[in-house]
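K.L.:
Residues 1 to 866, numbered by UniProt numbering, are exactly what the sequence shown covers, in order.
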Amino acid sequence: MSADSPGRPSGLMVDLQSEPVGVDVADARFSWLVPALGDGMQVGYRIQVAASPASFGAPFWDSGPVTSSSSTAVPYAGPRLAASTPYWWRVRADTSVAGDWSTPSRLITAADSWGGEAIWGPAGVEDSGAENSWVLLRHEFDLPDAPVLSAFVEAAGRSAEGGQTAQTGPRGGRQYVYKLWANASVAGRGSVRDSDSRARYHTHDLANALKPGRNALAALCWAEHGRQFIARLVVVLADGHRIEVTTSSRWKAASGERLLPGSADIGGGWYRAPREDWDARHEPVGWTEPGFDDRDWAPARVCAAPPDPAPAIVSIEQSLGEVAEAARQPDGRWFIDLGREIVGGIRLDVDGRSGARVHVRLGEELAQGRVRFRMRTQNVYEDTWTLRDGPQSVEHWGYRAFRYIELEADPALDLTHAVRPLVLRSPYVGGAAFSSSDPDLDRVWELCRYTIEATSLDVYIDTPARERGPYEGDAYVNQLSQYAVERSYALARYSGEYLTRRSTWPSEYHLMPVLMAWEDYLATGDDRQLRTDFEHWEGLNYDHFLGVHGLLRKDPGPAAGGWDADLVDWPVTYRDGYEFTEVNTVLNAFQAAAYATLARIAEVTDRPQAAARYRALADRMRAALNSLLLDASAYRDGLGSTHHAQHATAFPVALGLAPTDRLAGLGDWLGRGGIRMSVYGAQFLLEALCRAGRSDHALALMSASGPNSWLHLIDNLAATIVPEAWDPSLKPNMTYSHAWGSAPVNVIARWVLGVRSQSPGAARVLIEPRPGLLNRMSGTVPTIRGPVTVDYDRARGTLDVATPPNTTGHLIVHRAELGLPEGATVDAPAGAAIAWAADRIEITNAPAGKMNIRWDATLRRRGAVG
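1) Is residue 3 buried or exposed, if buried means 16 or more other CB atoms sit within 10 Å of its CB?
2) To the nearest angstrom, how far is it from the Cα of residue 251 to the Cα of residue 708?
3) Would you identify the three-state DSSP class for residue 32, choosing helix, strand or coil?
4) In the DSSP assignment, find the unbroken alpha helix (DSSP H) run with residue 473 in it and report its ends.
5) Could I get the ranges of all uninterrupted beta strand (DSSP E) runs contained in the stretch 207–271, with 3 residues as the minimum, in chain order?
6) In the structure shown, what three-state DSSP assignment does residue 752 receive?
7) Return the bridge partner residues of residue 179 from the DSSP annotation.
8) Which residues share a DSSP beta bridge with residue 721?
9) Output the distance between the C-alpha atoms of residue 545 and residue 515, rounded to the nearest integer angstrom.
10) Whole angstroms is fine: what's the gap from residue 205's alpha carbon to residue 55's?
11) Is it right to say residue 211 is buried, meaning 16 or more other beta carbons lie within 10 angstroms of its own, or is it exposed?
12) Determine contact between the stretch 249–263 and the stretch 129–145, defined as no fewer than three beta-carbon pairs at a distance below 8 Å.
13) What separation, rounded to the nearest whole angstrom, lies between the Cα atoms of residue 659 and residue 793?
14) How many Å lie between residue 240 and residue 291 at the Cα?
15) Run through DSSP, which three-state label would residue 792 get?
16) Spatial neighbours of residue 394 within its chain, please: CB distance less than 7 Å, with the 5 preceding and 5 following residues excluded, ordered by chain position.
17) Using the Cα positions of residue 35 and residue 227, report the straight-line distance between them to the nearest angstrom.
18) Would a check of beta-carbon distances place residue 638 closer than 8 Å to chain B?
19) Would you grab the beta carbon distance between residue 116 and residue 247 for me? Rounded to a whole angstrom, and I think it's under 8 Å.
20) Mapping the DSSP letters down to three states, classify residue 644 as helix, strand or coil.
21) Where residue 663 and residue 715 are concerned, what is the direct C-alpha to C-alpha distance, given to the nearest angstrom?
22) Determine the direct distance from the alpha carbon of residue 467 to that of residue 724, and round the result to whole angstroms.
23) What are the complete beta strand (DSSP E) segments, minimum 3 residues, inside the stretch 815–849?
24) Whose C-alpha, out of 146, 175, 148 and 149, is nearest the C-alpha of residue 156?
25) Residues in its own chain within less than 8 Å of residue 167 by CB, not counting five upstream and five downstream?
26) Taking DSSP as the reference, what is the three-state secondary structure of residue 165?
27) Assuming residue 487 and residue 748 form a contact by the criterion Cβ under 8 Å, report the distance between their Cβ atoms to the nearest whole angstrom.
28) What whole-angstrom Cβ distance do residue 61 and residue 44 have, given they're in contact under 8 Å?
29) Can you give me the Cβ contacts of residue 339 inside the same chain, cut-off strictly under 8 Å, excluding the 5 residues immediately before and after it?
30) Starting from residue 496 and walking both ways along the alpha helix (DSSP H), at which residues does that stretch end?
31) What is the DSSP secondary structure of residue 590, reduced to helix, strand or coil?
32) By alpha-carbon positions, which one of 150, 315, 152 and 193 ends up nearest to residue 160?
33) What does a CB cutoff of less than 8 Å around residue 355 pick up in its chain, not counting 5 residues either side in sequence?
34) Whole angstroms are fine: how far does the CA of residue 603 sit from the CA of residue 839?
35) Please report the distance separating the alpha-carbon of residue 441 from that of residue 699.
36) By the three-class DSSP mapping on this structure, what secondary structure does residue 383 have?
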């Protein structure tokens, strides 16, 4: 069979990574896409791990034939793998027909030691001095003229990490510390932030960057405090010989104070990412290439040994966008609109004159026709680049969030085709799609999809502009939205682990990491985080505030925030008049959901006593919420309050706590009066409406055009990434780059197309289309086992659903909502059970494949959109 044969597994992952690095040497987990072969349902697999792609004849480990349907998070069961070593693995999956081996995929194991010394430099320069914030590091080495099996570098940069608010002190840049080159080619950036103040090391592939003979590694580093860079190059030759090059005092170092002078920052008081006033006259031209004369450079200074290494499972990649055409304005300035906001910087390729200056100004929005580089977020995106004689390239080292570019330069300098956007993000896999009979809804979906593509970096953060802070509420929405748009799980896993250990201030946010972990488990089938972090989540509960009535009673804290203060929603102008009492409905809803989730996790992780305890706590709290806080039409804000803010009902319903027989009425109540919550709170409002069976209300809100709407963001604010708030008039310092407002993309996937995982690793998938008044909709929803597609057309009388191999489908069709009369025909895979009822058609236990329903649409008409 060929490499792209349908009989071969594809989409191979190890430890949730498609290009696996830092792999656990004893407890790796393998996942793959089962081929569409035979009946598509896996009955067995075989995994082999080898030292090279050519050595599977004598593999390092062979699982042998295993009778199992498992194709996600399958544990490695062989001998302990060697640290910092490349291996190749392959898998074959048998269905009703025997399969073929997958194309081998490389993995690189985790390091067990640094191998080198941490350095900064140059030696003899006081580390605390501002002149030592920027440093250039380089080293040359020779490689033999021999075939290379694998080459990679493990690298880390250390810098102090700041707190969550300006009051805790702006420390660190809240971005990476180094940019690394191999023979003048960019190898990567790092390190990602760590929850335990360690430096997460990155593994960068250098297979295409190295050559026989002389080679060079070079790094441009910045850190305000805690400055360290450490790296180890590993080259494995085809004959098995291993070569290592590590950081040490043999490396050369130079201060970057003349190349990047000044100590200003762009952080607006939240962090201290540096302003970049490049002076190309002081760039040591060729310093990233072999053969550069560094005799005048000092030896690098060796620093104290860093903590034990911990691998990064997420990375930031750089890509150059297309040349952006600049238009010269009548006053001589150059203006560029990238069309969409990006996270990154710009690259300028010019033939310069020594001393000529280019003033670079970037911004998320315009003000009176000019780029608003002094942003409403307090960030200042203005740099001055001084050129040298001749052709040259100057580009940003750090990142900014911007759409618009303004350049002011010597009139003789033609910048028409000189600018390219430099885009930074975690690798984007994509794979989702959506279209419908409502073009406005399609525009909203694309706004939210692109938001996830553009803002995914090293950890889920609120925004790459103002705070760059990981927050649990933002991360929860981010996770749901990322799962809806791509088969990518490592960033969610890392962010959940981070926030489990680095809580932020809002009380209900402390209860969200456990909810994230359960969503992770349903999506991936990997239970390792459930086992390692259970005690952490227990410690985040508010057991000590439980009252005799079974609800939490605590001081709600200051309205503007403070440790353990109740949030409800943010900013405060979007709280719909919520009355904060000691017994807060929203906080109690999250605690009840956390208890229920802990009970499920305890069952999975063999903790029967904990499971019983948390199940009892959840049941008691849910009963108390519904008996003490639920009125005839809605939930009250808290005990002692008579007020019914939209939030008080949306959160309990969204979290699955409302009585089933009350859902319809609660949905009707929530659907009245539009959105009275923030773009963050809207996640729970939309989900509550869908849980209550009112997808029509949810769809109407997603395609509405009022002040609190996504169309307002697109049409009136010209946003291309979801902003932090509905409008600057209600939050003057808002960003235009806040993924916590991306709810529509995950609500459409999970509740409108209706694709939800019912069992770990999406082994069983529910498809419950709820098109509301849409006349047509078609979508693709990624899962770890492959995409699920849904195609509905009311006018044609068709519903087509396809599930990927090795999944069991469960289709629920609501007759009235989809417009199905009596006499519909159903086609489902052999073995599926079909149940007919007056209000629904239900197909259960459907093996992988297609489910098709047809009906005569002329027999039943209903008002529709489109």
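Heads up, the beta-carbon is just placed ideally off N, CA and C, and yes, glycines get one too.
From a predicted model like this one, the values you see are computed outputs, not experimental measurements.
P.N.:
So, from the listed chains and residues:
1) By one-based count along the sequence shown, residue 3 stands at place 3. For residue 3, the pLDDT reaches just 46, beneath the cut-off of 50, and the residue's location in the model is therefore unreliable, although a value from the coordinates is still provided. Taking all protein chains in view, the Cβ of residue 3 is surrounded by fewer than 16 other Cβ atoms within 10 Å, so the residue is classified as exposed.
2) Taking the first residue of the sequence shown as 1, we reach residue 251 at position 251. Taking the first residue of the sequence shown as 1, we reach residue 708 at position 708. One C-alpha to the other measures close to 56 Å.
3) The residue labelled residue 32 in the question sits at position 32 within the sequence shown. In the structure shown, the three-state DSSP call for residue 32 is strand.
4) Working through the sequence shown from its first residue, we reach residue 473 at position 473. Where residue 473 is concerned, the enclosing alpha helix (DSSP H) stretches over 472–485.
5) Entirely contained in the stretch 207–271, the beta strand (DSSP E) runs reaching 3 residues are, in chain order, 213–222, 228–237, 242–246 and 252–255.
6) What you label residue 752 is simply residue 752 of the sequence shown in a count that begins at 1. Note: residue 752 maps to helix in three-state DSSP.
7) Working through the sequence shown from its first residue, we reach residue 179 at position 179. DSSP output for residue 179 lists 189 and 220 as bridge partner(s).
8) Taking the sequence shown and counting its residues from 1, one reaches residue 721 at position 721. None; residue 721 has no bridge partner.
9) In the sequence shown, residue 545 corresponds to position 545, counting from 1. In the sequence shown, residue 515 corresponds to position 515, counting from 1. Each residue's alpha carbon lies about 20 Å from the other.
10) Taking the first residue of the sequence shown as 1, we reach residue 205 at position 205. Taking the first residue of the sequence shown as 1, we reach residue 55 at position 55. The straight-line gap from Cα to Cα measures roughly 21 Å.
11) Walking along the sequence shown from the start, residue 211 turns up at place 211. Exposed, since its Cβ has fewer than 16 Cβ neighbours within 10 Å.
12) Verdict: yes, contact present.
13) Walking along the sequence shown from the start, residue 659 turns up at place 659. Walking along the sequence shown from the start, residue 793 turns up at place 793. Straight-line Cα distance between these residues: approximately 33 Å.
14) Taking the first residue of the sequence shown as position 1, residue 240 is located at position 240. Taking the first residue of the sequence shown as position 1, residue 291 is located at position 291. When rounded, the distance between both Cα atoms is 28 Å.
15) Numbered from its first residue, the sequence shown carries residue 792 at position 792. Under the three-state reduction of DSSP output, residue 792 falls in the strand class.
16) Locating residue 394 in the sequence shown gives position 394, where the first residue counts as 1. These residues qualify, in order along the chain: 278, 280, 348 and 385.
17) To locate residue 35, count along the sequence shown from 1; it is residue 35. To locate residue 227, count along the sequence shown from 1; it is residue 227. Each residue's Cα considered, the two are about 48 Å apart.
18) Among the protein chains of the structure shown there is no chain B, as only one such chain exists.
19) Against the sequence shown, residue 116 aligns to sequence position 116. Against the sequence shown, residue 247 aligns to sequence position 247. About 4 Å separates the two Cβ atoms, so the contact holds.
20) The residue you call residue 644 lines up with position 644 of the sequence shown. In the three-state reduction of the DSSP assignment, residue 644 falls in the coil class, being assigned neither a helical nor a strand state.
21) As a working note, residue 663 is residue 663 in the sequence shown. As a working note, residue 715 is residue 715 in the sequence shown. The straight-line gap from Cα to Cα measures roughly 34 Å.
22) Translated into positions along the sequence shown, residue 724 becomes position 724. Translated into positions along the sequence shown, residue 467 becomes position 467. Linking residue 724 to residue 467 through their CA atoms gives a straight-line distance of about 12 Å.
23) As for any beta strand (DSSP E) of minimum length 3 sitting wholly inside the stretch 815–849, the runs are 825–827, 833–836 and 840–846, ordered along the chain.
24) Translated into positions along the sequence shown, residue 156 becomes position 156. Of the listed residues, the one whose Cα sits closest to residue 156 is 175.
25) Against the sequence shown, residue 167 aligns to sequence position 167. Bear in mind that the predicted position of residue 167 carries a pLDDT of just 37, short of 50, making it too unreliable to give a figure here.
26) Taking the first residue of the sequence shown as position 1, residue 165 is located at position 165. Model confidence at residue 165 stands at a pLDDT of 42, short of 50, so the residue's coordinates are unreliable; what they give is reported in the following sentence. Residue state for residue 165 is assigned as coil, using DSSP reduced to three classes.
27) Stepping through the sequence shown from its first residue, residue 487 is reached at position 487. Stepping through the sequence shown from its first residue, residue 748 is reached at position 748. Residue 487 to residue 748, Cβ: 17 Å. No contact.
28) The residue labelled residue 61 in the question sits at position 61 within the sequence shown. The residue labelled residue 44 in the question sits at position 44 within the sequence shown. Between residue 61 and residue 44 the beta-carbon gap is near 17 Å, outside 8 Å, which marks them as no contact.
29) For the purposes of this step, residue 339 is taken as residue 339 along the sequence shown, with counting starting at 1. In chain order, 403 and 720 place their CB closer than 8 Å to the CB of residue 339, counting only its own chain and leaving out the 5 sequence neighbours on each side.
30) By 1-based counting over the sequence shown, the position of residue 496 is 496. Where residue 496 is concerned, the enclosing alpha helix (DSSP H) stretches over 490–501.
31) By one-based count along the sequence shown, residue 590 stands at place 590. Annotated three-state conformation of residue 590 is helix, per DSSP.
32) For this step, residue 160 is matched to residue 160 along the sequence shown. Of the residues 150, 315, 152 and 193, the one whose Cα lies closest to the Cα of residue 160 is 193.
33) Within the sequence shown, residue 355 is the residue found at index 355, counting from 1. Correct list, in chain order: 281, 386 and 387.
34) Taking the first residue of the sequence shown as position 1, residue 839 is located at position 839. Taking the first residue of the sequence shown as position 1, residue 603 is located at position 603. Rounded to whole angstroms, the separation of the alpha carbons of residue 603 and residue 839 is 35 Å.
35) As a working mapping, residue 441 is identified with position 441 in the sequence shown. As a working mapping, residue 699 is identified with position 699 in the sequence shown. Taking the straight line joining both Cα atoms gives about 8 Å.
36) By 1-based counting over the sequence shown, the position of residue 383 is 383. In the three-state reduction of the DSSP assignment, residue 383 falls in the strand class.
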